[in-house]
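First to last, the sequence lines map onto chains A and B. Straight run, no breaks: the first sequence in this note's numbering ends on number 613. Straight run, no breaks: the second sequence in this note's numbering ends on number 1193.
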Amino acid sequence: MKKVLLGNEAIARGAWEAGVVFASAYPGTPSSEILESLTQYKEIQAEWATNEKDALMAAAGAALTGARAMASMKHVGVNVAADPLMTLSYTGIEGGLVLVTADDPSLYSSQNEQDNRNYARFAKVPMLEPSDSQEAKDFTKLAFELSERFDTPVMLRTVTRISHSRTVVELGEREELKRPFDLKQNERKYTMIPAFAGPRHRVVEERLKKLKEFAEGFEHNRMEMADTSVGIVTSGIAYQYAKEVFPDYSFLKLGMVWPLPEKMIREFASKVKELWVIEELDPFLEENLRAMSLKVHLGKDRIPLCGELSPTVIAEAVHGKPYRPTVKYPNPIPPRPPNLCAGCPHRGVFYALKKLKLFVFGDIGCYTLATLPPLKALHTCICMGSSVGMLEGATQVLGKEALGKAVCVLGESTFLHAGVTPLMNIAYNKSNGTVIVLNNWTTAMTGAQEHPGSGYTAKGEETFAVDYVQLAKALGVKEENVREVNPYKLDELLEVIKEETSKEEASFIVTKDGPCALLRRAIKAYNPPLHVDQEVCTGCRQCLELGCPALSWDPTKAGEYKTADGKVKKRKGAAAINDLLCNGCGLCYQVCKFDAIKGETEEVPIGFQLRRP
Amino acid sequence: MGKDITNILVCGVGGQGVILASDVMADTFLEAGYDVKKSEVHGMAQRGGAVVSHVRYGRKVYSPLIRMGEVDYLFSTEKLEVLRWMEYCTPSTVVITDTVQINPPAVNLGEMEYPADIDDFLKGNFEKVYTVDATEIAKELGNARAANVVLLGVLSKLLGIEEALWKKCLLERLPKKLHELNLRAFEKGRLAV
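In structure tokens:
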């Protein structure tokens, strides 16, 4: 049967067909749908891990029993998982172990665009790179076979345009592994003390040689000979783009990008007049070809190093002239960047932080959007957990000078991923830092995945949920400095943040009763939309500072309004609320000093009615 | 031209059902016997940002991304979003757009104006333009969110692929309770051509 599958769904399907019984992941765009898709298979224990390192270690443990196991993550997640990866390369595996890295050229939803092909060379493990969903499924299955045949973890690399493209896939059946799963002691292979690890390094180098030999005959490293005036070496998504632009030239398409088939590459080079390398991001293939003393006629001297490729980009780069559009709209087009949703529980916190003029160490999540105007209340974003770690150092240098000046903010999923240990660091080293955890009950940015604090597993079963207050206390934050706040109540937010940031001790603030406004399972009912009383609105624009998509400026309302004491004054326009978008969170009602924002009832509700896990 | 691939660029605002519309297209083209590829970006864009999905079908499709200047159909669930993808179009691109307007942040803040000349621009630059009150039609049917399906009805009429295939693939992607509403939305779209 044929189906149009997302690259990520195809990887999940491939894992299922390969007989995988365990899969672990931490959500991250563009990788998240892999594990989400795996939860549909009853034969697979599919789990969200606390972070990518935990995901890889859990998969390694599962593979140690002889089972097939997979860990999937976004490119930067591999940085977190790199510690076990480097040594798992030495130990090898029992059952097949596959690590999927989903890279994000053009940083559609990432903080950098690192090229994780470099990890394969660094960790000395083989890497397969599919160029569509069919290959994504097939290569996943192959990766498990290679893993077991060569006793090594295998990396499978996708990019956003593979993970998030849908292409046609021929479905297959699942093959169960017909072997018992058990734990067998083998210290020389799995206990990497120096005496045992040294010899394993030699095994790794021998294995690479064998893999190289294998690559020479690997059916997915293939020459497509046509017009030999140009031969293009390429892999993955770049193959599809290059094929689109140069359908007549010869191609060497590499399905395995590490280790490389040197003999095959030399043979291809000898058959063509000019050798080109077309690849996304780093000159990974190109440098290796050059190291083989091959002459590369066209590579990164023309093809951009930064950003994703496309047929347009490749054509422009090779022909050396920009594409000229035939239709052009002559006027400026208002940009439409992503924004915090209407009713988002994060909005009030950032409004308060801006009001208090604090330096905000930020982190990775929806709330990173608070960087943009009008909120403009987030001042760093490096990696998961960096907000807490950096706050510690900054407060230690500034000492009392830091009081009332700096805080850090991160979501609860990010906190659990990489914020717990730096909070321990803050308490242990007596920093005066204040850590604010925005608990919205889910991993929101990546599409609402469960985590150890949400109360549910990846498969939707109820489970234990981390108690953030108890955790902070256990890590060393004094009880009186651990505070819970309602993120929709501005006065409360301002007061608590002000108090805690003025203390000479570590503080921990966690939001309560503020689930993601899109989290259907948590919200029992939204509130009726609010409206602007056009008689009273002064046009002060204070409510617009919230950056709520439901609030807008209406210049056609320029004219007169009445003050509370009955005076008539002039205004340049008025605020307006879009009743299709507004869900009545009540923030703008609190911000308006002139009582111009009103609800359906006299008393305007603050926050939503909740359904607790 | 002897062109054997059809390129559709689907655009709109996060949350408007751009991805669902392009999913239904891809399923339908496969069902009709074509090779098909589509590509979009998930994640950040869901938060009210501009969304675009490339859909391509034909005998054999390589790139999931459409080359600039090669879009055959521009399908937009919001009026201003049409303008963002002009580089991909030529005067012979068929434009299908909802007339609904959703203000971007800069317009909400009063810093920029929502372009007032979109209709004139489209009429002056394209041979075929279908502006449809899809959101209004969907609202009348009881749910503004079915606007994307009204537009699918319009597209289906223009592509000449069997109506029954569209309906089958549409319903397969929707929960049962939404079937009737969406079938009506789809048919309204077909009537709008």
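Don't be surprised by glycine CBs; every beta carbon is placed ideally from N, CA and C. Quick caveat, the model's predicted, so the values are computed rather than measured.
Cβ pair residue i, residue j closer than 7 Å
| i | j | result |
| --- | --- | --- |
| A:Thr-101 | A:His-75 | yes |
| A:Ile-436 | A:Val-407 | yes |
| A:Ser-109 | A:Asn-8 | no |
| B:Val-1154 | B:Val-1132 | yes |
| A:Val-168 | B:Leu-1122 | no |
| A:Thr-414 | A:Met-384 | yes |
| A:Cys-585 | A:Gly-343 | yes |
| A:Ala-81 | A:Glu-36 | no |
| A:Gly-476 | A:Ala-427 | yes |
| A:Cys-516 | A:Asn-440 | yes |
| A:Lys-137 | A:Arg-13 | yes |
| A:Glu-279 | A:Pro-105 | no |
| A:Met-57 | A:Ala-15 | no |
| A:Gly-547 | A:Pro-338 | no |
| A:Pro-153 | A:Leu-211 | no |
Residue i - partner residues in DSSP beta bridges
| i | result |
| --- | --- |
| A:Met-223 | A:Leu-252 |
| A:Arg-290 | None, per the DSSP bridge assignment. |
| A:His-531 | A:Lys-598 |
| B:Ile-1096 | B:Phe-1075, B:Tyr-1130 |
| A:Arg-157 | A:Thr-101 |
| B:Asn-1007 | B:Arg-1056 |
| A:Lys-562 | A:Val-568 |
| A:Arg-166 | A:Leu-6, B:Lys-1038 |
| B:Val-1013 | B:Ala-1050 |
| A:Ile-278 | A:Thr-234 |
| A:Gly-359 | The sequence given here has Phe at residue 359 of chain A, not Gly. Answer is A:Ala-406. |
N-terminal and C-terminal residue of the alpha helix (DSSP H) that residue i is part of
| i | result |
| --- | --- |
| B:Cys-1169 | 1163-1172 |
| A:Gly-236 | 236-245 |
| A:Val-485 | Segment 482-485 is the beta strand (DSSP E) holding A:Val-485; no alpha helix (DSSP H) there. |
| A:Ser-386 | 386-398 |
| A:Ser-37 | 32-38 |
| A:Thr-581 | At residue 581 of chain A the sequence reads Leu, which differs from the Thr that was named. Segment: none, A:Leu-581 is in no alpha helix (DSSP H) and carries neither H nor E. |
| A:Leu-353 | 346-355 |
| A:Ile-314 | 311-319 |
| A:Ile-193 | Taken as a continuous stretch (DSSP letters only), A:Ile-193 belongs to no alpha helix (DSSP H), as it is neither H nor E. |
| A:Gln-45 | It is not in any alpha helix (DSSP H) - A:Gln-45 instead sits in the beta strand (DSSP E) that spans 45-48. |
| A:Ile-523 | No alpha helix (DSSP H) contains A:Ile-523, which is instead part of the beta strand (DSSP E) from 523-525. |
| A:Cys-588 | 587-591 |
Given residue i as reference, the closest of the options once Cα atoms are compared
| i | options | result |
| --- | --- | --- |
| B:Thr-1135 | B:Ala-1185, B:Arg-1047, B:Tyr-1057 | B:Ala-1185 |
| A:Asp-301 | A:Cys-344, A:Leu-85, A:Pro-283 | A:Pro-283 |
| B:Glu-1078 | B:Val-1051, B:Gly-1058, B:Lys-1037, B:Thr-1093 | B:Val-1051 |
| A:Glu-129 | A:Val-159, A:Phe-144, A:Asn-112 | A:Val-159 |
| A:Cys-381 | A:Gly-365, A:Glu-392, A:Gly-393, A:Pro-373 | A:Gly-365 |
| A:Glu-213 | A:Thr-414, A:Lys-263, A:Lys-498, A:Ala-226 | A:Lys-263 |
| A:Arg-161 | A:Thr-29, A:Leu-375, A:Gln-396 | A:Thr-29 |
| A:Thr-91 | A:Glu-33, A:Ile-333, A:Pro-529, A:Thr-191 | A:Thr-191 |
| B:Gly-1058 | B:Leu-1065, B:Lys-1037, B:Gly-1110, B:Phe-1075 | B:Lys-1037 |
| B:Leu-1170 | B:Gly-1012, B:Ile-1008, B:Thr-1028 | B:Thr-1028 |
| A:Val-604 | A:Leu-494, A:Asp-595, A:Ala-352, A:Met-155 | A:Asp-595 |
| A:Arg-266 | A:Lys-3, A:Gly-231, A:Lys-328 | A:Gly-231 |
| A:Leu-551 | A:Gly-559, A:Phe-122, A:Gln-542 | A:Gln-542 |
| A:Gly-236 | A:Ala-291, A:Ala-226, A:Arg-117 | A:Arg-117 |
| A:Asn-288 | A:Thr-234, A:Gly-514, A:Leu-493, A:Ala-67 | A:Thr-234 |
Start and end residues, beta strand (DSSP E) containing residue i
| i | result |
| --- | --- |
| A:Thr-434 | 434-438 |
| A:Cys-408 | 406-411 |
| A:Asp-54 | First-last for A:Asp-54: 52-64, but that is the alpha helix (DSSP H), not the beta strand (DSSP E). |
| B:Val-1036 | 1035-1040 |
| A:Met-445 | Per DSSP, A:Met-445 belongs to no beta strand (DSSP E) and is neither H nor E. |
| A:Phe-22 | 22-25 |
| A:Lys-74 | 69-74 |
| A:Ser-507 | 507-511 |
| A:Ser-552 | 551-554 |
### Task
Give the residues from the stretch 147-178 of chain A that approach chain B closer than 9 Å (Cβ to any Cβ), ordered along the chain.
Answer in chain order: Thr-160, Arg-161, Ile-162, Ser-163, His-164, Ser-165, Arg-166, Thr-167, Val-168.
### Query
Using Cβ-Cβ distances below 9 Å, what residues of the stretch 1016-1028 of chain B are close to chain A?
Under the 9 Å Cβ criterion, the stretch 1016-1028 of chain B contributes Ser-1022, Asp-1023, Ala-1026, Asp-1027.
### Message
Tell me which residues of the stretch 1032-1053 of chain B have at least one Cβ-Cβ distance to chain A shorter than 8 Å, keeping chain order.
### Response
For the stretch 1032-1053 of chain B, which is checked against every Cβ of chain A, the residues closer than 8 Å are Asp-1035, Val-1036, Lys-1037, Lys-1038, Ser-1039, Glu-1040, Val-1041, His-1042, Gly-1043, Met-1044, Ala-1045, Gln-1046, Arg-1047, Gly-1048, Gly-1049, Ala-1050.
### Message
If the cut-off is 7 Å on Cβ atoms, which residues from the stretch 219-247 of chain A count as contacting chain B, listed in chain order?
### Response
Those would be Gln-240, Tyr-241, Lys-243, Glu-244, in chain order.
### Query
Which residues, in chain order, does the stretch 487-511 of chain A contribute to contact with chain B at a C-beta distance below 7 Å?
Result list empty, no residue passes.
### Query
For the stretch 1083-1108 of chain B, which residues have a beta carbon sitting closer than 7 Å to at least one beta carbon of chain A?
Correct list: Leu-1083, Arg-1084, Met-1086, Glu-1087, Cys-1089, Thr-1090, Pro-1091, Asn-1103, Pro-1104, Pro-1105, Ala-1106, Val-1107, Asn-1108.
### Query
If you measure beta-carbon to beta-carbon, which residues of the stretch 319-330 of chain A are closer than 9 Å to chain B?
Flagged, chain order: Tyr-323, Arg-324, Pro-325, Thr-326, Val-327, Lys-328, Tyr-329, Pro-330.
#### Entry: Contacting positions in the stretch 1107-1121 of chain B - beta carbon closer than 9 Å to chain A
Closer than 9 Å at the C-beta level to chain A, one finds these residues of the stretch 1107-1121 of chain B: Val-1107, Asn-1108, Leu-1109, Gly-1110, Glu-1111, Met-1112, Glu-1113, Tyr-1114, Pro-1115, Asp-1117, Ile-1118, Phe-1121.
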